[in-house]
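So the protein sequences, as listed, match chains A and B. Everything in the first sequence is counted per this note's numbering, starting at 259 for the first residue and increasing by one. Everything in the second sequence is counted per this note's numbering, starting at 259 for the first residue and increasing by one. Ideal Cβ positions, reconstructed from N, Cα and C, are used throughout, including at glycine. What follows is one structure encoded as structure tokens, with my remarks underneath.
Protein chains: 2
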Amino acid sequence: MLEFILKKAEGPAAPRLGELRLPRGVVQTPVFMPVGTLGTVKAMTPEEVQELGAGLILSNIYHLYLRPGVEAVAALGGLHKFMNWPGSILTDSGGYQIFSLAPLRKITEEGVTFRSHLDGSSHFLTPEKVVALQQAIGADISVCLDECPGFPAPEAEVRRAADLTLKWARRCLAARGEAANSLFAVVQGGMLPELRREQAQAFRELPFDGYCLGGLSVGEDKDTTLAILEVTTPELPEDKPRYLMGVGTPEDLVEGVARGVDMFDCVLPTRNARNGMAFTAAGKVVIKNAAYARDPGPLEEACGCYTCRRYSRAYLRHLFLSREILAYRLLTLHNLYYYLHLMMDMRQAVAAGRFAAFRRDFYEKRIEGGNTRG
Amino acid sequence: MLEFILKKAEGPAAPRLGELRLPRGVVQTPVFMPVGTLGTVKAMTPEEVQELGAGLILSNIYHLYLRPGVEAVAALGGLHKFMNWPGSILTDSGGYQIFSLAPLRKITEEGVTFRSHLDGSSHFLTPEKVVALQQAIGADISVCLDECPGFPAPEAEVRRAADLTLKWARRCLAARGEAANSLFAVVQGGMLPELRREQAQAFRELPFDGYCLGGLSVGEDKDTTLAILEVTTPELPEDKPRYLMGVGTPEDLVEGVARGVDMFDCVLPTRNARNGMAFTAAGKVVIKNAAYARDPGPLEEACGCYTCRRYSRAYLRHLFLSREILAYRLLTLHNLYYYLHLMMDMRQAVAAGRFAAFRRDFYEKRIEGGNTRG
Numbered sequence: 259m260l261e262f263i264l265k266k267a268e269g270p271a272a273p274r275l276g277e278l279r280l281p282r283g284v285v286q287t288p289v290f291m292p293v294g295t296l297g298t299v300k301a302m303t304p305e306e307v308q309e310l311g312a313g314l315i316l317s318n319i320y321h322l323y324l325r326p327g328v329e330a331v332a333a334l335g336g337l338h339k340f341m342n343w344p345g346s347i348l349t350d351s352g353g354y355q356i357f358s359l360a361p362l363r364k365i366t367e368e369g370v371t372f373r374s375h376l377d378g379s380s381h382f383l384t385p386e387k388v389v390a391l392q393q394a395i396g397a398d399i400s401v402c403l404d405e406c407p408g409f410p411a412p413e414a415e416v417r418r419a420a421d422l423t424l425k426w427a428r429r430c431l432a433a434r435g436e437a438a439n440s441l442f443a444v445v446q447g448g449m450l451p452e453l454r455r456e457q458a459q460a461f462r463e464l465p466f467d468g469y470c471l472g473g474l475s476v477g478e479d480k481d482t483t484l485a486i487l488e489v490t491t492p493e494l495p496e497d498k499p500r501y502l503m504g505v506g507t508p509e510d511l512v513e514g515v516a517r518g519v520d521m522f523d524c525v526l527p528t529r530n531a532r533n534g535m536a537f538t539a540a541g542k543v544v545i546k547n548a549a550y551a552r553d554p555g556p557l558e559e560a561c562g563c564y565t566c567r568r569y570s571r572a573y574l575r576h577l578f579l580s581r582e583i584l585a586y587r588l589l590t591l592h593n594l595y596y597y598l599h600l601m602m603d604m605r606q607a608v609a610a611g612r613f614a615a616f617r618r619d620f621y622e623k624r625i626e627g628g629n630t631r632g
Numbered sequence: 259m260l261e262f263i264l265k266k267a268e269g270p271a272a273p274r275l276g277e278l279r280l281p282r283g284v285v286q287t288p289v290f291m292p293v294g295t296l297g298t299v300k301a302m303t304p305e306e307v308q309e310l311g312a313g314l315i316l317s318n319i320y321h322l323y324l325r326p327g328v329e330a331v332a333a334l335g336g337l338h339k340f341m342n343w344p345g346s347i348l349t350d351s352g353g354y355q356i357f358s359l360a361p362l363r364k365i366t367e368e369g370v371t372f373r374s375h376l377d378g379s380s381h382f383l384t385p386e387k388v389v390a391l392q393q394a395i396g397a398d399i400s401v402c403l404d405e406c407p408g409f410p411a412p413e414a415e416v417r418r419a420a421d422l423t424l425k426w427a428r429r430c431l432a433a434r435g436e437a438a439n440s441l442f443a444v445v446q447g448g449m450l451p452e453l454r455r456e457q458a459q460a461f462r463e464l465p466f467d468g469y470c471l472g473g474l475s476v477g478e479d480k481d482t483t484l485a486i487l488e489v490t491t492p493e494l495p496e497d498k499p500r501y502l503m504g505v506g507t508p509e510d511l512v513e514g515v516a517r518g519v520d521m522f523d524c525v526l527p528t529r530n531a532r533n534g535m536a537f538t539a540a541g542k543v544v545i546k547n548a549a550y551a552r553d554p555g556p557l558e559e560a561c562g563c564y565t566c567r568r569y570s571r572a573y574l575r576h577l578f579l580s581r582e583i584l585a586y587r588l589l590t591l592h593n594l595y596y597y598l599h600l601m602m603d604m605r606q607a608v609a610a611g612r613f614a615a616f617r618r619d620f621y622e623k624r625i626e627g628g629n630t631r632g
């Protein structure tokens, strides 16, 4: 079971500092969770992820359910043993994936019927089953099945999806039983501030271990995302963690922390690495650029990661253009290091009461070095 | 400069034990050199290759010449610094690649004109230039430009190519100057035992640091390869290393050592790993096989590699079917471990005077467990 210790909060929608006490270790918040959709943080070994400082990763029950199958993972001792990960795991319910990946989905109050994006096979999942699946693979933190409406969507559709998500969340709570793992709810409500507020108020009455903010960064502009965040977080229980799902860029992490978010995940650091893009304090580095052909410097001068201490931009460019696996490894290592150190820096800034100065400095560095390199 | 210490030789075409003393370390022979064609042993970091026990890797001047370019590598401090490899490097001349990869090649006595397999650009290389290129990137051991005839090929063609290779080798010797790196010749001669013998006799009069056996395992049957080996090695200087280029399977390594070969390279352990095939003492494991879907055991029960000590066949199968980069990494680690430990076992067997027993045992294990798993 999860224990969340809120160590500091600067306000209802302001930076917070906390601790997630999980059976497999303590995780400091705000935290970024590297994404290991299919039981592997892409291109990394578990040891590498751990050495980067991550203690909590994200996986996805929708993906694992389809491949290799929950029964197989359970028969092999659960997800931790299967992938040899000694830290903690949060599994997303797959709500977002069912609505974004699966063709021919059909939603009823009872649950959702969908076809696999892998082989077209038909499946039916209910809130209860999704809780059971996550328990079966031994997730430390489970997430309720939710319906993520498209964007843009008619108001009636957004309201219906939010109400169904709330009903399903109540069923997930009832279904969890005496299981030792934790259960997070997903708050939906589209881009309607009033609905988001109502939903948060309804959810706060239910004894969840944490609250996810779903259905954001789905195509809306940044100001809308932040406005929704600002109306939602003040309505959530102060003593429970808040997790902004699938968001986002370094800027998004800074703005999320600024508005009281405790947990983040996103595929950007790992996916962009495989596309040849590195995150640095000054902005992005697109490694295939001809300017790097003979550049002996590291991706980022001040960076202490394995990649920056050993390899030149010229070598990384060569590996990437040659489609060498080592390119994806080295860029992934750097990007995860960047994301995890950004979170560490933010925790230190909040602890020292200088988050505002940190945030100013963060943007100044980007303006100076600039995204011009991209 | 290379010093080769022959510590033991059981006969002119029989197992040998030696030591290659190179500026960056001592390498025990018989040795297998992992292949790092483009300045990376595919899917591995240099640290991983070193931890596996490799002190000498192979790279290829043809590939590096085309991408990223020899001038770039030299400007960045040479190949060792470029790829961050602390051990020794042997570069193949690219003779084989020019004749197998490049379209529209044209050979004259002066050199070879060819088009790049990457972008169709036209290039002209001479024996002198190939020596200079390898020196420019700082290869510890360079290889003379050779002409590798096709297979099958008319006898006149094979003879012409062998003679040209010999002439070019003399020019390479003259071109090496006072360079500190070593230079190996390539002995050609197709599948003509008499020609191979003559060529070896001509080469042995020339002061090379080692002798490559080229143009083998190019389509001929195994018995032919071995017969050619058996007539060639007795004609080569006993006190110089013999390197069988691009060969081969675990069986090929055992039979090569049995016939007095000191050095090997082959893409099989790394390439087959990326195709989902693992080498084990019992035979090959094709990891995608359905039989492994819930197999909790390692690739190989007795194996001490990183992969076998941590991951199940079921997990490896899942990663491979999901095309996860970690699959290629873990299988590559295992296969290189298998190859390097096979060589270590052979060195121990030769040292203890029990190579015949080792060889018998090697085949018995394969018959028992069998290639039937594949």
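Beta carbon of residue i nearer than 9 Å to that of residue j
i, j, result
"I315/B", "S351/B", "no"
"L337/A", "I395/A", "yes"
"E405/A", "T384/A", "no"
"V389/A", "L441/A", "yes"
"H576/B", "F340/A", "yes"
"G297/B", "Y573/A", "yes"
"V444/A", "V515/A", "no"
"F620/B", "P508/B", "yes"
"T506/A", "R274/A", "The question names Thr, yet the displayed sequence has Gly at residue 506/A. Going by C-beta atoms, G506/A is not nearer than 9 Å to R274/A."
"C402/B", "G327/B", "no"
"P281/B", "A438/B", "yes"
"M302/B", "L594/B", "yes"
"Y597/B", "P292/B", "yes"
Alpha-carbon to alpha-carbon, residue j and residue i
i, j, result
"M604/A", "I263/B", "59 Å"
"R428/A", "R568/B", "39 Å"
"T538/A", "L557/A", "8 Å"
"D520/B", "F613/B", "14 Å"
"F616/B", "Q392/A", "50 Å"
"S289/B", "R587/B", "Here residue 289/B is Val; the residue named in the question, Ser, does not match the sequence. So the alpha carbons of these two residues sit roughly 22 Å apart."
"I486/B", "E478/B", "11 Å"
"L471/A", "V416/A", "15 Å"
"N533/A", "V370/A", "34 Å"
"E582/A", "M259/A", "42 Å"
"S475/B", "L511/B", "12 Å"
"M602/B", "L348/B", "20 Å"
"A411/B", "A536/B", "34 Å"
"L334/A", "L322/A", "13 Å"
"Y501/A", "E329/B", "50 Å"
"V489/A", "T482/A", "11 Å"
Neighbour-count burial assignment, residue i, 16 or more Cβ in a 10 Å radius
i, result
"A560/A", "exposed"
"Q355/A", "buried"
"Q446/A", "buried"
"E513/A", "buried"
"E622/A", "exposed"
"K300/B", "buried"
"S379/B", "exposed"
"D497/B", "exposed"
"T366/A", "exposed"
Residues sharing a beta bridge with residue i, DSSP
i, result
"G541/B", "T538/B"
"D523/A", "M291/A"
"V284/A", "R279/A"
"I315/A", "I347/A"
"S380/A", "R373/A"
"I399/A", "L348/A, S440/A"
"L594/A", "DSSP output for L594/A lists no bridge partner at all."
Close-in-space but distant-in-sequence residues of the same chain around residue i (CB under 6 Å, 5 per side omitted)
i, result
"L359/A", "H375"
"D553/B", "R571, A572"
Own chain residues within Cβ distance below 7 Å of residue i, not counting five before or after
i, result
"Q457/B", "A420, L424, V445, Q446, G447"
"G313/B", "G283, V285, G345, S346"
Own chain residues within Cβ distance below 8 Å of residue i, not counting five before or after
i, result
"P495/A", "R462, Y469"
heavy atom of the ligand MG below 8 Å from residue i C-beta
i, result
"V476/A", "Among the components modelled here there is no ligand, and therefore nothing to report on the ligand MG."
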